[in-house]
Amino acid sequence: MQRKRTTLLAATGAIGLAAAALAIIAPPALAHPGNGNGHGHGHGHDRKCDIEAPGTLGGDLGAHDPGLFAPCNEGDPWYVFATGWGPLGEGNVTIRSSTDDGATWNYVDTVWDTKPQWLKDTVPGVDNLWAPEIYFDDDQDRYYLYYSASTFGQQRSVIGLATNTTLDPADDDYEWVDEGQVWESNPGDPFNAIDPTILEADGKHYMAYGSWWQGIYMLELDWPSGKAANGATPVHIAGRGGAGIEAPVLTEHRGYYYLFTSWDVCCAGADSTYNIRVGRSTSPTGPFVDANGVPLTEGGGTLVLGAHGDYVATGGQSISNGLMAYHSYHEDGHFDLGIEAITWSRGWPVLDGV
């Protein structure tokens, strides 16, 4: 399928929009100019209703690392939160919405006009915020927005949190409240604290995160604060021995927990090689194995979607009510938002890029 695309703002042009993909967070030994060794998006929610995929998408599709919120009620607005871009709200997370069940997308705003000062102090030189995850808690009637703050090729990174009681900017109660830092990484850690995704399972909340270095880790959260649980220790759940793996997404299906990740090179235009891989476990914390039984901690991962049609790479995935959102790099170098329903075959997820 050929997806239509419009630029984020006509005046900026496609080259400026590509700067939204500054999630290049490989270790210095791996990073090099033009090589997107880094950031993804994370998101994972259990399915609460059946929603049809929108099919052909139109409008503003320049969403990198899309965090999808697809509501159960037909006619309610859909939202996509995505990696920020410098001139818009100092690079804060961007927001797009659709009023026709995900078919046509329009740019709405950034989460904040300026970054919280603590982010600037904690991560010197931070520009755009990456890989947002939107999670709704029914009991709290509250939206939790997790995001990444880092800089090119550096391991000094933090995952932050903002909350809101509504996603409707026209609502009088609309306000993104800065909840501060959730987790961090420093040089020498086995992980990079970016690309958060949230999973609720067995009455607990977990956050998976990570990119390159030794891969993907999981942390139990305190709830409803949404912060790291007291004394929580990160658990290694996927890795490729230093090769490209990032952007975890977790979801449950028929007694299995599925961990999706993005492999290889993002953010390099037509030279991108991003692809989505998966493994599963009967426990939300693993161990996860691929369809051949190879542990994800030992480089396992079954291919779900990579190059397709006119697109050379796909990744940065999120999940909302059985739909997966991702961005795909076109052979001409630009990237587009894609949304499709996850189908299942013999217990394994299937995507076809349409």
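For the sequence shown, the residue numbers in mature numbering (1 follows the signal peptide of the UniProt record, and there is no 0) are -31 to -1, 1 to 323.
Just so it is clear, CB atoms sit at the ideal spot from N, CA and C, and this is done for glycine as well.
Note that the C-beta distance between Glu148 and Thr166 is not below 7 Å. In the DSSP annotation of this structure, the continuous segment of the beta strand (DSSP E) that includes Asp78 starts and ends at Thr73 to Thr79. Bounds of the beta strand (DSSP E) holding Lys173 are Lys173 to Tyr178.
In the assembly as shown, Tyr115 is a buried residue. Its beta-carbon has 16 or more other beta-carbons within 10 Å. Under the 10 Å beta carbon count, Gln109 is surrounded by fewer than 16 other beta carbons and is classified as exposed.
One alpha carbon belongs to Ile311, the other to Asp19, and they sit about 11 Å apart. Nearest Cα to Asp305 within the set Gly157, Gly285, Trp313 and Pro318: Gly285.
Judged by beta-carbon spacing, Ile128 lies within the 7 Å limit of Val151, meaning their Cβ atoms are closer than that value. Nearest C-alpha to Gly31 among Gly302, Ala198 and Val204: Gly302. The alpha-carbon separation between Gln86 and Ile103 amounts to approximately 22 Å.
Residue pairing from DSSP places Trp47 in a beta bridge opposite Ser67. Distance from the Cα of Arg249 is smallest, within the candidate group His277, Val234 and Val218, for Val218. Taken atom to atom, the span from the alpha-carbon of Tyr227 to that of Thr83 is near 36 Å. Runs of the alpha helix (DSSP H) lying entirely within the region 100 to 184, each at least 4 residues long, are absent.
Collapsing the DSSP output to three states places Ala294 in a strand.
Secondary structure remark: continuous beta strand (DSSP E) runs of at least 3 residues inside the region 196 to 248, in chain order: 204 to 207, 214 to 222 and 225 to 232. Apart from sequence neighbours up to five positions away, the residues of its chain that approach Ser297 with a beta-carbon distance below 6 Å are Tyr280, Thr283, Asp305 and Gly307, ordered along the chain. Put simply, of Tyr76, Asn155, Asn42 and Ser67 the residue whose alpha carbon is nearest the alpha carbon of Gly58 is Tyr76. For Trp87, the enclosing alpha helix (DSSP H) covers residues Gln86 to Thr91. For the 7 Å CB-CB criterion, Arg65 and Val49 form a contact. The three-state secondary structure of Leu320, taken from DSSP, is coil. In the three-state DSSP reduction, Leu190 falls in the strand class (E or B). Residue state for Thr52 is assigned as coil, using DSSP reduced to three classes.
Closest in C-alpha terms to Arg246, from the list Tyr113, Trp317 and Leu88, comes Trp317.
Secondary structure in the region 247 to 276: the beta strand (DSSP E) runs of 3 residues or longer, each lying completely within the stretch, are 271 to 274 in chain order.
Excluding sequence positions up to five before and after Trp192, its CB lies within less than 7 Å of the CB of His174, all in the same chain and listed in chain order.
The closest CA to that of His205, considering only Gly275, Lys196, Val319 and Glu215, is found on Glu215. Nearest neighbour of Ala276 by Cα position, chosen from Gly268, Tyr295, Asp34 and Ala212, turns out to be Tyr295.
Take Thr73, set aside five residues on each side of it, and the residues of its chain with a beta-carbon closer than 7 Å to its own are Gly27, Gly28 and Ser67, in chain order.
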